[in-house]
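*Asks:* Here it is: the structure, laid out below.
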Amino acid sequence: MRYIVKIKDNAYLDQERAKLVATTNVTVVNTLENLKCVHIDCAESVIDTIDKTGITWINQDYEMIMHGSRSTTMTAGNYWHLDAVTKRDFSTYNNNQYSYPDTLGKNTDI
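When we follow my numbering, the leftmost residue of the sequence shown carries the number 2, and every step to the right adds one.
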């Protein structure tokens, strides 16, 4: 399962990332330096073994919909996914889950 780890503002990102790398059964997937976030893959039971002294929070990585809740929001409009770190416009190109490849310049990476 993928998790997003938010590093505290007063902690060093490299040191906290190194702690995560050294944790058994944790795979560091990506580091977002400007956001002070690290994406990790691990089982839910492993979360308890992580040293949390320099960590603000750990959340499971879900698709993040900007307005409303997941069950009531239609797929039209803006869609964010932190794993891809992109904003996609579903107004015309969609399969109700992910946007198709950009052919007319409507989907732009941030």
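Each residue gets a CB set at the ideal place from its N, CA and C atoms; glycine is no exception.
Let's test the definition: count the other Cβ atoms within 10 Å of the Cβ of Glu17 and tell me whether it reaches 16, buried, or not, exposed.
*Replies:* Buried, because 16 or more other Cβ atoms sit within 10 Å of the Cβ of Glu17.
*Asks:* Straight-line CA distance for Ala23 to Asn35?
*Replies:* 22 angstroms
*Asks:* Based on DSSP bridge pairs, tell me the residues matched to Leu33.
*Replies:* Cys38
*Asks:* Could you work out which residue in Glu45, Ile41 and Val47 is closest to Ile8 when comparing CA atoms only?
*Replies:* Residue Ile41 is the option with its Cα nearest to Ile8.
*Asks:* Count the other C-beta atoms from every protein chain shown that fall within 10 angstroms of the C-beta of Val39, then say buried if there are 16 or more, exposed otherwise.
*Replies:* buried
*Asks:* Helix, strand or coil, according to DSSP, for Gly78 in the structure here?
*Replies:* Low per-residue confidence applies at Gly78: pLDDT is 49, beneath 50, and the placement is therefore not dependable enough to give any value.
*Asks:* Can you name, in chain order, every residue of its own chain whose Cβ lies under 6 angstroms from the Cβ of Lys1, other than the five neighbours on each side?
*Replies:* Since the first residue of the chain shown is 2 and the last is 111, residue 1 is not available in this structure.
*Asks:* Is there a Cβ of chain C sitting closer than 8 angstroms to that of Val27, yes or no?
*Replies:* Absence of chain C from the displayed structure is noted, only one protein chain being present.
*Asks:* Counting C-beta neighbours from all protein chains within 10 Å, is the total for Val30 16 or more, i.e. buried, or is it exposed?
*Replies:* exposed
*Asks:* Between the beta-carbon of Val47 and the beta-carbon of Asn26, is there less than 8 angstroms?
*Replies:* yes
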